[in-house]
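Undergrad: The sequence shown begins at 735 in the working numbering and counts up by one.
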Amino acid sequence: MSWRSARSRLWRWGCWPLLALALLWLADRLFPLPLPGDDLARVVLAEDGTPLWRFADAEGVWRYPVSLEKVSPYYLEALLTYEDRWFYQHPGVNPLALARAAWQNLSGGRVLSGGSTLSMQVARLLDPHARTLPGKLKQLWRTLQLEWHLSKAEILGLYLNRAPFGGTLQGVAAASWAYLGKPPSQLSRSEAALLAVLPQAPSRLRPDRHPERAQAARDKVLERLAAFGVWSREAVQEALQEPVLLAPRQEPRLAPLLARRLNRPGSPPLIRTLIDAALQRRLEELLLGWRARLPEATSAGLLVVETQNMAVRAYLGSLDIGDERRFGHVDMVRALRSPGSTLKPFLYALAMDAGLIHSESLLQDVPRRYGDYRPGNFNSGFSGPVSASEALATSLNLPAVQLLEAYGPKRFAGELRAAGLPLVLPPLAEPNLALILGGGGARLEDLVAAYSAFARGGRTARLRFKPEDGLHERRLLSPGAAWIVKRILSGQARPDRDPRAQLAPRPSLGWKTGTSYGFRDAWAIGVGPRYLIGVWLGRPDGTPVPGQFGLASAAPLLLQVHDLLVNRDRQRGIAHPQEPVPASVGVAAICWPLGQEQGKDDPNCRRQRFAWILDGTVPPTLPAADQPLGLGLRQTIWVNAAGLRVRPGCPGAQVRELAFWPAALEPWLPRRERRAARLPAADPACPPLAEPQPEPLSIVGVRDGDRLRRPAASRETLQLELSALGGDGRRWWFLNGAPLAESAEGGRISVALARAGRYQLSVLDESGQTARVEFRVGD
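(1) If the criterion is Cβ atoms closer than 8 Å, does the pair Y1493 and F1509 meet it?
(2) Using three-state DSSP, classify P1280 as helix, strand or coil.
(3) Once DSSP output is grouped into helix, strand and coil, what is the label at Y798?
(4) If we ignore side chains and look at the alpha-carbon of each, how far apart do A1031 and A1069 end up?
(5) Express the C-alpha separation of R1027 and R1234 in angstroms, rounding to a whole number.
(6) Going by beta carbon distance, what residues of the same chain come within less than 6 Å of Q1014, once the five residues before and after it are set aside?
(7) Given 8 Å as the limit, is there contact between the region 869-885 and the region 944-957, that is, 3 or more CB pairs closer than that?
(8) Excluding the 5 residues flanking G1284 on each side, which residues of the same chain have their C-beta closer than 6 Å to its C-beta?
(9) According to DSSP, is P1518 helix, strand or coil?
(10) Let me know the beta strand (DSSP E) ranges lying completely inside the region 989-1055, each 3 residues or longer, listed in chain order.
(11) Looking only at C-alpha atoms, which of P1311, Q1294, I1347, G1461 sits nearest to G1320?
(12) Tell me, please, whether the region 1342-1358 touches the region 1389-1398 by the rule of three or more beta-carbon pairs shorter than 8 Å.
(13) Out of G1260, G1272, W911, G1281, which one is the CA nearest neighbour of L1299?
(14) I1483 bridges to which residues according to DSSP?
(15) Should G794 and T902 be called a contact, given that it needs their Cβ atoms to be closer than 8 Å?
(16) Measure the alpha-carbon distance for D1203 versus D1054 and round it to whole angstroms.
(17) Just confirm the distance between the C-beta atoms of S1129 and R1228, as a whole number of angstroms; I'd bet it's less than 8 Å.
(18) Determine which residues share a DSSP beta bridge with L1442 and list them.
(19) At what residue ranges does the region 1280-1328 contain a whole run of the beta strand (DSSP E), taking only runs of 3 or more?
(20) Can you list, in chain order, the residues of its chain whose CB lies under 8 Å from that of Q934, leaving out five sequence neighbours each side?
(21) How many whole angstroms separate the CB atoms of A1317 and F1344, which I take to be in contact at a CB cut-off of 8 Å?
(22) What number of angstroms, rounded off, separates the C-alpha of N1338 from the C-alpha of L1392?
(23) Buried or exposed: W787, going by 16 or more other Cβ atoms within 10 Å of its Cβ?
(24) Out of Y913, E781, G1225, state which residue places its alpha-carbon closest to the alpha-carbon of P941.
(25) Take L1328 and list the residues in its own chain whose beta-carbon comes closer than 8 Å to its own, dropping the five residues that flank it on each side.
(26) Among the residues of its own chain, which have a CB less than 7 Å from the CB of R844, if the five just before and after it don't count?
(27) From L894 to E946, what distance separates their C-alpha atoms?
(28) Closest to F899 by C-alpha separation, out of V931, P936, G915, A927, would be which residue?
(29) Could you tell me which residues DSSP pairs with V1373 in its beta bridges?
(30) Could you please give me the residues that DSSP links to F1344 through a beta bridge?
(31) Whole beta strand (DSSP E) runs in the region 894-928 with 3 or more residues, listed along the chain?
(32) If you count every other CB in all the chains shown that lies within 10 Å of the CB of A1238, and 16 or more means buried, which is it?
(33) Starting from the C-beta of G1364, find all residues in its chain whose C-beta is less than 6 Å away, skip the five residues before and the five after it, and write them out in chain order.
(34) Is the region 1054-1068 touching the region 1088-1106 in the sense that three or more CB pairs, one from each, lie closer than 8 Å?
(35) State the Cα-Cα distance for the pair P1079 and A1085, rounded to the nearest angstrom.
(36) I'd like the list of long-range same chain contacts for R1240, defined as Cβ closer than 6 Å, with 5 residues on each side in sequence excluded.
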């Protein structure tokens, strides 16, 4: 053979392999491996990995993605022993297994076994084919592509996540949760063998429908594991004794509205949250139990947040997502609603930081008028003189309006917005005095986040829904103001009434209710030892629900949730954190009406109270801007040796300062405390200079303490003709705190009382004077 002939033959021998490789490369490019992409099948997980909610793919299949490290070694051993012992050695196709299967099937006259490797099964899962010769060749080609492009671990991972397990279940993790109620990392030997065999015939072996078949197939896997010495005979015998026990078949159906919120384009297949699955399930059951107690079409929103890290542990956006009559698809955690009185604690704390009040500052619960705005109290009537702590604890409206007027509505709204609680107002509207009574819009999640200031030393923080969410804090209050207001909300407003009058920490629940105008929204927000709790009740469409308000509707649910959380912590041995008293907080003995420290024997100390104060500062009584009557809280007079009032130049005249209550409070004061009773009589020999005094305002037509009866003939209505003497300008009348009528100076009004009971009648004039009478109507 010539050298030229040998070289030509050698070139031909080397060309064909190269050409074959080139063709294979070209085929791989032209027909790429159909690796799975984002098919929109996602699972929302609790903090411990429990599935909360699942979103199926376009074909309705539920998958729970899992890695090799998250699967029990027992399962991997059972799977590889039963399906493909030589998985890590063969190149994707096992010729010996194929030959053995062909011989067994031919000799038996029917299909007795298959020769598919795990790689071949994955190829069929990724690119299904007909059971024909071309289909088998296609499967072999896809198998070779798998082995070419992926590692053995990646191929095994595809099987773990794509193997069929019956119905709409794919993947060992979805099957483990659906059939066994546990993660695949906790499978026992018996359970691992069961799940290893199910993909062989997922419909025929479904353990929830055919438990006998499933157990027989499982036992076959266990016997093979013993025969090959993978597991000891003792371990296999023990596994064989276990019956096929299934958890109640339940699709993940917890926190649906949170799941919908977090399932956004680009989300990972596993959406991890900070939800406590057991707590979420318990609260959903609790809320469903409230269905019969709530009016028709009423829904609810409930949030539980761990204070230390602001992790959302329970999220209930509606009473029942499947209840269309209650608008269950509307997420009330995010809905914009009127917050009612839930903003008041922030105002009182900010006013303390601004030096306007201390905890026992004297405020005025009397009729007020601001242009066309005439606020009233929810519980009807007016209380007259009240402390700041009492006004907050009983949620009185008029003192809050007085305080907001002094602090400034725009400043208040700005402080809240900067701390993460934006208040939404009508278009072109600016913050006004109605803001503190619910005249803006807020969301439950923002309110709960803002209330964290009372548990985090004055700092608010955003809610954290997912582990990767950072903890973002903002300063809203000083630690001292936050501590004092939390104590007031906990029912420990008075240092002198605290069983432990010293500044000792005592963890408890501080809570505040709220009701929006027209009974549309009932709120209750709680600050507990370890958790923040937010509750909203109402109709999502904004329809009023008469008789539904915060204290009667939302507060019982809040307290029930709080008790559940406290008992849960106790059972788990979790101690409540201590609440250290800020160094800026102190106690002072103050006196009304001036609101400052005075000796108890001082004649101007008309009523002593013990107050929480900040930084040793004791602010004086806050005046009301629209009530300029009288000479103020202090008046300087001159008296002689007999104690009679005289002119400054009279013989023996001595100066004396008297403290008076705000003039608007006089109708609610005992007669001995009123200005006229406190002023000494004038000395006729050297009388004081005449001082212009306004005519006192008084009600004519009914007297304080009267007991009236309706006419015997009708027993229906009692007609009263009323007028007011004294005062100045127009008058505004209130019956049980609600606006009644308006009259000119000297004018009269007529009132028809159709039922028996107790009534409080008040009148307010343009100069800010008030008068009040209380009377009863009987049959």
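Glycine residues also receive a C-beta, built at the ideal position from the N, C-alpha and C atoms.
TA: With the structure as the only source:
(1) yes
(2) If DSSP states are grouped into helix, strand and coil, P1280 belongs with coil.
(3) coil
(4) 16 Å
(5) With a pLDDT of 43 at R1234, under the threshold of 50, the predicted position of this residue should be treated as unreliable, though the coordinate-derived value follows. Approximately 39 Å, taken between the alpha carbons.
(6) L988, A989, A1048
(7) no
(8) T1247, G1248, T1249, A1256, W1257, A1258
(9) Here the chain covers residues 735 to 1513 and nothing more, so residue 1518 does not appear.
(10) Runs found: 1004-1006, 1033-1040, 1045-1050.
(11) Nearest option by C-alpha distance: I1347.
(12) yes
(13) Of the candidates G1260, G1272, W911, G1281, G1260 places its Cα closest to the Cα of L1299.
(14) L1456
(15) yes
(16) D1203 and D1054: Cα-Cα distance of roughly 27 Å.
(17) With a Cβ gap of about 17 Å, S1129 and R1228 do not count as contacting.
(18) V1511
(19) You should have 1319-1326.
(20) A951
(21) Contact doesn't hold; Cβ gap of about 19 Å is too wide.
(22) 6 Å
(23) Answer is buried; the Cβ neighbour count reaches 16.
(24) Y913
(25) N1338, P1354, T1355, L1367, R1368, A1393
(26) Per-residue confidence for R844 stands at a pLDDT of 47, beneath the threshold of 50, marking its modelled position as unreliable; the derived number appears in the next sentence. So no residue of the chain qualifies.
(27) So the two alpha carbons sit approximately 25 Å from each other.
(28) P936
(29) Paired residue(s): R1379, Q1388.
(30) According to DSSP, F1344 bridges with A1323.
(31) none
(32) Low confidence applies here, because A1238 scores a pLDDT of 43, under 50, leaving its location unreliable and the question unanswered by this model.
(33) Residue placement at G1364 is flagged as unreliable, the pLDDT there being 45, under the threshold of 50; a coordinate-derived value is accordingly withheld.
(34) no
(35) 10 Å
(36) Annotation note: pLDDT 44 at R1240 (below 50); position unreliable, no value reported.
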